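Note sheet for the following structure.
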Amino acid sequence: MTDTQMIWIKRIVMLLLIFLALFMFMKLMPIWLPVVRVFLFVLTPFAIGAFVTYLLHPIVEKIHAFGMPRVLAILFIYSLFFGGIGYSVYQFMPVITKQSKELVANLPNLIDSYQEWLLEIDERTENLPNSLHEQIETNLNMIEEKVSATISNVIEKSRGIFSGLFVLALVPFIAFYLLKDFDELKHAAKYVTPKKWRRQLHTYLHDVDESLGRYIRGQLLVCVVIGGAASVAFWLIGMQYPLLLGVVVGITNVIPYFGPIIGAIPAVIIAFTISIKTVIFVIIIIVILQLLEGNVLSPLIVGKSLHMHPVIIMFALLLGGEIAGVLGLIVAVPIFAILRVTLIHLRDNVSSDKSN
Numbered sequence: 169m170t171d172t173q174m175i176w177i178k179r180i181v182m183l184l185l186i187f188l189a190l191f192m193f194m195k196l197m198p199i200w201l202p203v204v205r206v207f208l209f210v211l212t213p214f215a216i217g218a219f220v221t222y223l224l225h226p227i228v229e230k231i232h233a234f235g236m237p238r239v240l241a242i243l244f245i246y247s248l249f250f251g252g253i254g255y256s257v258y259q260f261m262p263v264i265t266k267q268s269k270e271l272v273a274n275l276p277n278l279i280d281s282y283q284e285w286l287l288e289i290d291e292r293t294e295n296l297p298n299s300l301h302e303q304i305e306t307n308l309n310m311i312e313e314k315v316s317a318t319i320s321n322v323i324e325k326s327r328g329i330f331s332g333l334f335v336l337a338l339v340p341f342i343a344f345y346l347l348k349d350f351d352e353l354k355h356a357a358k359y360v361t362p363k364k365w366r367r368q369l370h371t372y373l374h375d376v377d378e379s380l381g382r383y384i385r386g387q388l389l390v391c392v393v394i395g396g397a398a399s400v401a402f403w404l405i406g407m408q409y410p411l412l413l414g415v416v417v418g419i420t421n422v423i424p425y426f427g428p429i430i431g432a433i434p435a436v437i438i439a440f441t442i443s444i445k446t447v448i449f450v451i452i453i454i455v456i457l458q459l460l461e462g463n464v465l466s467p468l469i470v471g472k473s474l475h476m477h478p479v480i481i482m483f484a485l486l487l488g489g490e491i492a493g494v495l496g497l498i499v500a501v502p503i504f505a506i507l508r509v510t511l512i513h514l515r516d517n518v519s520s521d522k523s524n
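Using my numbering, the first residue of the sequence shown is number 169, and each one after it goes up by one.
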């Protein structure tokens with residue numbers, strides 16, 4: 169057997185082992201998924217605190233470089249950052265709360281309008297061949313079941329908001345101490361790292377920062393712009409709950425590929441209860457916003473910072489959504505980006521060791 173054949177046999181065996189490992193991983197999901205969810209709940213405030221630290225640390229360092237004491241620099245940035253968030257909540261939360269209450273109160277009317285629309289479709293399609301008419305009814309029933317399940321899931325998830333608020337209340341304190349003791353933590357990480365790996369660790373962290381920094385900050389700015397533009401556009405066409413729907417569009421826009429579709433669903437459903445013309449306007453607005461984001465905002469602000477193939481991104485989204493729901497969809501791509509950088513460094517280190 170030639171060397172080429174042996175190489176191909178090894179590759180095939182390795183591929184089969186990977187698929188077998190993934191199969192076993194998915195089969196054992198009922199066992200490990202509850203444990204993962206507990207860890208996610210516990211680690212969430214620390215992860216968000218680290219994220220806030222990651223966003224604010226460069227600004228704190230610049231202010232500290234001008235001679236301001238580190239603690240005062242952190243408090244100054246805190247007053248701007250959390251003060252800005254608090255002011256936004258103060259200004260917009262009453263409107264969002266009011267529109268949410270109006271939406272809940274108006275749900276019976278929306279359901280009646282939706283049922284009338286279904287009856288109208290049924291009447292218009294009853295002259296079609298029986299097989300086609302039955303297929304249309306089956307598809308509509310399937311859509312209705314999925315929408316109902318989604319609404320029930322959202323209501324169920326919303327019950328845990330208050331317990332989540334207590335966890336999120338820890339974030340400012342965690343971020344404060346991470347910012348305050350950033351240099352000490354950095355030195356501690358350097359101290360526990362073996363000397364021969366320190367240069368590699370520094371390069372690795374630099375590459376992770378290069379990959380994620382511009383993506384995360386840019387994506388947040390893009391989401392704010394898209395959400396604000398959607399709210400204004402919905403208001404201009406006379407949609408109900410424009411700010412609430414715009415917030416949904418902005419938040420879901422952080423999810424690549426599937427986010428715009430998820431964010432458009434509530435607006436399209438409400439538009440159906442008004443008129444077909446409004447539905448068309450909503451779809452046009454969403455399409456224009458996505459063209460604006462894909463061709464102008466993202467290339468200009470975010471760029472191709474992750475260097476990940478679309479298929480890998482879709483796989484990350486599916487896996488993240490399965491494990492952690494909406495939160496998984498949001499964090500899946502950054503986590504896979506870190507894994508990508510990690511694998512590249514591991515490969516380079518193995519190649520370097522072999523050459524030596």
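Ideal Cβ placement from N, Cα and C applies to all residues, glycine included. Treat the numbers as computed from the prediction; the structure is a model and nothing was measured.
C-alpha gap between Gln408 and Leu271, whole angstroms: Taking the first residue of the sequence shown as 1, we reach residue 408 at position 240. Taking the first residue of the sequence shown as 1, we reach residue 271 at position 103. Cα to Cα, the separation comes out at about 9 Å.
The stretch 413 to 431 in contact with the stretch 485 to 495 per 3-pair CB rule at 8 Å: yes
Leu460 versus Asn277, Phe191, Ser379, Val393, residue with shortest Cα-Cα distance: To locate residue 460, count along the sequence shown from 1; it is residue 292. Taking only the C-alpha atoms, the option nearest Leu460 is Val393.
Secondary structure of Ala337, DSSP reduced to three states: On the sequence shown, residue 337 is found 169 positions in, with the first residue counted as 1. Ala337 falls in the coil class under three-state DSSP.
Nearest-angstrom Cα separation, counted from Val390 out to Ile440: Within the sequence shown, the letter at position 272 stands for residue 440. Within the sequence shown, the letter at position 222 stands for residue 390. First, the amino acid is wrong: residue 440 is Phe here, not Ile. Roughly 28 Å separates the two Cα atoms.
First through last residue of the alpha helix (DSSP H) which encompasses Pro213: Numbered from 1 along the sequence shown, position 45 holds the residue referred to as residue 213. From DSSP, the alpha helix (DSSP H) with Pro213 extends over 197 to 233.
Alpha helix (DSSP H) segment containing Leu459, residue limits: Residue 459 sits at position 291 when you count from the first residue of the sequence shown. Note, Leu459: alpha helix (DSSP H), 444 to 460.
Gln408, DSSP secondary structure in three states: Translated into the one-based positions of the sequence shown, residue 408 becomes position 240. Coil at Gln408, not helix or strand.
Member of Ser466, Trp365, Pro434, Ile448 whose CA lies at the smallest distance from the CA of Ile384: The count along the sequence shown starts at 1 and reaches residue 384 at position 216. Ranking Ser466, Trp365, Pro434, Ile448 by Cα distance to Ile384 puts Ser466 first.
Backbone secondary structure at His374 - three-state DSSP: Taking the first residue of the sequence shown as 1, we reach residue 374 at position 206. Here His374 sits in helix by DSSP.
Rounded distance between the beta-carbons of Leu336 and Pro213, thought under 8 Å: Sequence index remark: in the sequence shown, residue 213 carries index 45 (1-based). Sequence index remark: in the sequence shown, residue 336 carries index 168 (1-based). 7 Å between Cβ atoms; contact.
Unbroken alpha helix (DSSP H) run spanning Ile433, endpoints: Sequence index remark: in the sequence shown, residue 433 carries index 265 (1-based). 427 to 440 is the span of the alpha helix (DSSP H), which, as asked, contains Ile433.
C-alpha gap between Ile506 and Arg382, whole angstroms: Here residue 506 refers to the residue found at position 338 of the sequence shown. Here residue 382 refers to the residue found at position 214 of the sequence shown. Each residue's Cα considered, the two are about 14 Å apart.
Below-8 Å beta-carbon distance, Val228 vs any chain D residue: Although the question refers to chain D, the structure presented lacks it and comprises just one protein chain.
Inter-stretch contact at 8 Å, needing at least 3 Cβ pairs: the stretch 234 to 252 / the stretch 362 to 382: no
Inter-stretch contact at 8 Å, needing at least 3 Cβ pairs: the stretch 182 to 198 / the stretch 348 to 361: no
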